[in-house]
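Novice: Sending over a structure as structure tokens; questions will come in a sec.
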């Protein structure tokens, strides 16, 4: 692609175009591909030096040039002198923010795929994964009515999908280069829409900058990622970026039962749709029935009303469903398609995933790794136990907290687990480079000294202990890792799956 086309609408502070002593123009230079990882650079590529939490791409500019970079985009003009670029034959492009520039260059390189799709972005602390899966299911059900049904893309924490084809997923929201490439792939494979999780990190780091969202959804905001954002206000402002950048033709959907639900819409110019159970929202749930194997409620918006029955359980899932329903209504999808999709929903891996044992106890694997998510999970477990008169079981909770992450939430999670469980086993999550015993002690600090708890650093042994003490009717909640199939100890990533271990242990007991 011609360099001038790649830089279209990119605010450039300076271009040093003297190559081997000769002036060249951006119209003369052909770029093969874009890279922000110097190790992936090949001859003829452009290298964009972005700053990360662990690495600064400016330190690898010489490596990128050695690998064949033809142009380098950087924000530190002093990283290397102009004379260095002149003698290496590489064009030096200086911008104020390389992450923002990467997003703009990526959109140009892939021919702005987001403008050719209906894109729904879902942000919030909890519920993003389940909500995106529900929206995808509704969109797919709606497409079935078309004479030429289109595929729906999904970009998120567990997996990236186009229709039923599963693609690898490493980040909740990919870097802008991969994101634009994924969106183009959705188009190439016959898709007309995509639903994606949008993390606060992605918003703050310009990963979704320039994406043309047709709809944005806010689920909730509770404590998380304060190791990165430092304060709840900064965390909130990062989330609000998604809504502030919507255009007037887009739809903004927000949970007004959440204390941040109205605030996030304040400076948004899009059409606003609110949802909730308790608030005076546009889309409301009434007559909610939380069953042991299904949930039902009435959806009311304006003068319209229809009944929803779904296999997803727990009050927190009512909110996830409402978010998806409000989005579907905003996109003009009929209630029949919504009802059918919700009735046939499949459980999302690692999201309140139930595994029944032959001995009559139930285990639930969930990604809950924040105080709010853990509390909602445990309250949902209590609802399950109270909904079944014949079930008088106890709650056994196994959980830990991630290392090198927000430490302030650990004692809060300890208190919640102790208050809402009969037995608590504190174990390791992904300790990373922290001492796992210290993490356990941080969690235990929130538990009343008169309340007992067990500790077991080895997560597999902790699960074994829980299963060993479980009786008929009991529920074991294994929280924190959900869908993850690995555990990070030190800097090593080893295979580990909560659900896999539970099934294995159940099988061994037969």
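Residue numbers (my numbering): 46 to 555.
Idealized CB from N, CA, C, for every residue including glycine.
Being a predicted model, the structure only gives us computed values, none of them experimental.
At a cut of 8 Å, does the region 83-98 reach the region 106-119 through at least three beta carbon pairs?
Specialist: The region 83-98, when compared against the region 106-119, does touch it at the 8 Å Cβ threshold.
Novice: Look up residue 192 in the DSSP assignment and give the residues it is bridged to.
Specialist: Numbered from its first residue, the chain shown carries residue 192 at position 147. The partner list for residue 192 (beta bridge, DSSP) is empty, contrary to what the question assumes.
Novice: For residue 313, which residues in the same chain have their Cβ closer than 7 Å to its Cβ, ignoring the five residues on either side in sequence?
Specialist: Counted from its first residue, the chain shown places residue 313 at position 268. So the list reads 288, 289, 291, 297, once near-sequence residues are dropped.
Novice: Since residue 111 and residue 124 are thought to touch, with beta carbons under 8 Å apart, how far apart are those beta carbons, to the nearest angstrom?
Specialist: As a first step, residue 111 must be located in the chain shown, where it is residue number 66. As a first step, residue 124 must be located in the chain shown, where it is residue number 79. Incorrect: roughly 15 Å between the Cβ atoms, too far for contact.
Novice: To which residues does DSSP link residue 91 through a beta bridge?
Specialist: In the chain shown, residue 91 corresponds to position 46, counting from 1. The partner list for residue 91 (beta bridge, DSSP) reads 79, 116.
Novice: Which residue marks the beginning of the alpha helix (DSSP H) containing residue 285, and which one marks its end?
Specialist: The count along the chain shown starts at 1 and reaches residue 285 at position 240. Unbroken alpha helix (DSSP H) run through residue 285: 277-289.
Novice: What distance in whole Å lies between the Cβ atoms of residue 187 and residue 371, which are believed to be in contact at a cut-off of 8 Å?
Specialist: Translated into the one-based positions of the chain shown, residue 371 becomes position 326. Translated into the one-based positions of the chain shown, residue 187 becomes position 142. Incorrect: roughly 15 Å between the Cβ atoms, too far for contact.
Novice: Would residue 174 and residue 133 qualify as a contact pair, given that the criterion is a beta-carbon distance under 8 Å?
Specialist: Residue mapping note: residue 174 aligns to position 129 of the chain shown, counting from 1. Residue mapping note: residue 133 aligns to position 88 of the chain shown, counting from 1. No, the Cβ-Cβ distance between residue 174 and residue 133 is not below 8 Å.
Novice: Are there 16 or more other CB atoms within 10 angstroms of the CB of residue 490, so buried, or fewer, so exposed?
Specialist: Position 445 of the chain shown, counting from 1, holds the residue named residue 490. Flag for residue 490 reads exposed.
Novice: Go to residue 547, then tell me how far its alpha helix (DSSP H) extends in each direction, as first and last residue.
Specialist: The residue given as residue 547 occupies position 502 in the chain shown. Start and end: 543-554.
Novice: Run through the region 119-192 for me and flag every whole alpha helix (DSSP H) of 4 or more residues, listed as ranges in chain order.
Specialist: As far as the region 119-192 is concerned, its whole alpha helix (DSSP H) runs of at least 4 residues are 127-133, 143-154, 173-188.
Novice: What does a CB cutoff of less than 8 Å around residue 140 pick up in its chain, not counting 5 residues either side in sequence?
Specialist: Taking the first residue of the chain shown as 1, we reach residue 140 at position 95. Excluding sequence neighbours, residue 140 sits near 55, 56, 57, 58, 118, 119, 120, 146.
Novice: Looking at residue 433: is its Cβ nearer than 8 Å to the Cβ of residue 337?
Specialist: Against the chain shown, residue 433 aligns to sequence position 388. Against the chain shown, residue 337 aligns to sequence position 292. In contact: residue 433 and residue 337 (Cβ atoms closer than 8 Å).
Novice: Between the region 483-500 and the region 521-534, do three or more beta carbon pairs fall short of 8 Å?
Specialist: Output reads no: the region 521-534 does not touch the region 483-500.
Novice: Quick one: what does DSSP say residue 358 is sitting in, helix, strand or coil?
Specialist: By 1-based counting over the chain shown, the position of residue 358 is 313. Three-state DSSP puts residue 358 in coil, outside helix and strand.
Novice: I'd like to check one pair, residue 343 with residue 350: are the Cβ atoms closer than 8 Å?
Specialist: Here residue 350 corresponds to residue number 305 of the chain shown, with the count starting at 1. Here residue 343 corresponds to residue number 298 of the chain shown, with the count starting at 1. Against a cut-off of 8 Å, the Cβ pair of residue 343 and residue 350 comes out as a contact.
Novice: Pick out the complete alpha helix (DSSP H) segments inside the region 191-263, 4 residues or longer, and give them in chain order.
Specialist: Taking only runs of at least 4 residues, the alpha helix (DSSP H) segments lying wholly in the region 191-263 are 221-233, 245-249.
Novice: Taking the CB atoms as reference points, tell me whether residue 573 and residue 272 lie closer together than 8 Å.
Specialist: With the chain covering only 46 through 555, there is no way to say anything about residue 573.
Novice: Just to check my reading of the structure: residue 415 and residue 268 have Cβ atoms closer than 8 Å, yes? What is that Cβ distance to the nearest angstrom?
Specialist: For the purposes of this step, residue 415 is taken as residue 370 along the chain shown, with counting starting at 1. For the purposes of this step, residue 268 is taken as residue 223 along the chain shown, with counting starting at 1. About 6 Å separates the two Cβ atoms, so the contact holds.
Novice: Suppose contacts are defined by Cβ-Cβ distances below 8 Å. Is residue 305 in contact with residue 281 by that definition?
Specialist: Translated into positions along the chain shown, residue 305 becomes position 260. Translated into positions along the chain shown, residue 281 becomes position 236. Going by C-beta atoms, residue 305 is nearer than 8 Å to residue 281.
Novice: Can you list, in chain order, the residues of its chain with a C-beta nearer than 6 Å to that of residue 163? Leave out the 5 residues immediately preceding and following it.
Specialist: Within the chain shown, numbered from 1, the residue matching residue 163 stands at position 118. 238, 259, listed in sequence order.
Novice: Which full runs of the beta strand (DSSP E) of 3+ residues lie inside the region 420-496, going along the chain?
Specialist: Correct list: 440-444, 468-471.
Novice: What is the DSSP secondary structure of residue 298, reduced to helix, strand or coil?
Specialist: In the chain shown, counting from the first residue as 1, residue 298 sits at position 253. It is a strand residue.
Novice: Need the endpoints of the beta strand (DSSP E) that residue 399 sits in, please.
Specialist: Residue 399 sits at position 354 when you count from the first residue of the chain shown. 398-401 is the span of the beta strand (DSSP E), which, as asked, contains residue 399.
Novice: Output the distance between the C-alpha atoms of residue 472 and residue 501, rounded to the nearest integer angstrom.
Specialist: Along the chain shown, read from residue 1 onward, the residue named residue 472 stands at position 427. Along the chain shown, read from residue 1 onward, the residue named residue 501 stands at position 456. When rounded, the distance between both Cα atoms is 5 Å.
Novice: For the alpha helix (DSSP H) that contains residue 411, what are its first and last residues?
Specialist: What you label residue 411 is simply residue 366 of the chain shown in a count that begins at 1. That residue, residue 411, is in no alpha helix (DSSP H); its beta strand (DSSP E) goes 407-411.
Novice: Measure the C-alpha to C-alpha separation of residue 76 and residue 234 and round it to an integer number of angstroms.
Specialist: Within the chain shown, the letter at position 31 stands for residue 76. Within the chain shown, the letter at position 189 stands for residue 234. Rounded to whole angstroms, residue 76 to residue 234 spans 26 Å at the Cα level.
Novice: Residues in the same chain with beta-carbon distance under 6 Å from residue 386, minus the five sequence neighbours each way, listed in chain order, please.
Specialist: Taking the first residue of the chain shown as position 1, residue 386 is located at position 341. If we look at residue 386 and ignore the five residues flanking it on each side, its Cβ neighbours are 182, 183, 186.
Novice: Just reading off the beta strand (DSSP E) that residue 49 is part of, what are its end residues?
Specialist: For the purposes of this step, residue 49 is taken as the residue at position 4 of the chain shown. No beta strand (DSSP E) contains residue 49, which is instead part of the alpha helix (DSSP H) from 48-51.
Novice: Since residue 204 contacts residue 211 with CB under 8 Å, what's their CB separation in whole angstroms?
Specialist: Locating residue 204 in the chain shown gives position 159, where the first residue counts as 1. Locating residue 211 in the chain shown gives position 166, where the first residue counts as 1. Going by Cβ atoms, the distance from residue 204 to residue 211 rounds to 5 Å, so yes, they are a contact pair.
Novice: Just the C-alpha distance for residue 506 and residue 548, rounded to the nearest angstrom, thanks.
Specialist: In the chain shown, the residue the question calls residue 506 occupies position 461. In the chain shown, the residue the question calls residue 548 occupies position 503. Rounded to whole angstroms, residue 506 to residue 548 spans 14 Å at the Cα level.
Novice: Under 6 Å Cβ to Cβ from residue 481, same chain only, skipping five residues before and after it: list those, please.
Specialist: Position 436 of the chain shown, counting from 1, holds the residue named residue 481. Answer for residue 481: 473, 502, listed in chain order.
Novice: List the residues that DSSP assigns as beta-bridge partners of residue 351.
Specialist: Counting from 1 along the chain shown, the entry for residue 351 is found at position 306. 344.
Novice: Rounded to whole angstroms, what's the CA-CA distance from residue 138 to residue 49? Just pull it up for me.
Specialist: Indexing the chain shown from 1 puts residue 138 at position 93. Indexing the chain shown from 1 puts residue 49 at position 4. Cα to Cα, the separation comes out at about 12 Å.
Novice: Give me the residue from 424, 257, 303, 225 with the minimum Cα distance to residue 266.
Specialist: Position 221 of the chain shown, counted from the first residue, corresponds to residue 266. With distances taken between Cα atoms, residue 266 lies closest to 303.
Novice: What do you reckon, are the CB atoms on residue 225 and residue 158 nearer than 8 Å?
Specialist: Indexing the chain shown from 1 puts residue 225 at position 180. Indexing the chain shown from 1 puts residue 158 at position 113. Yes, these two residues count as a Cβ contact at 8 Å.
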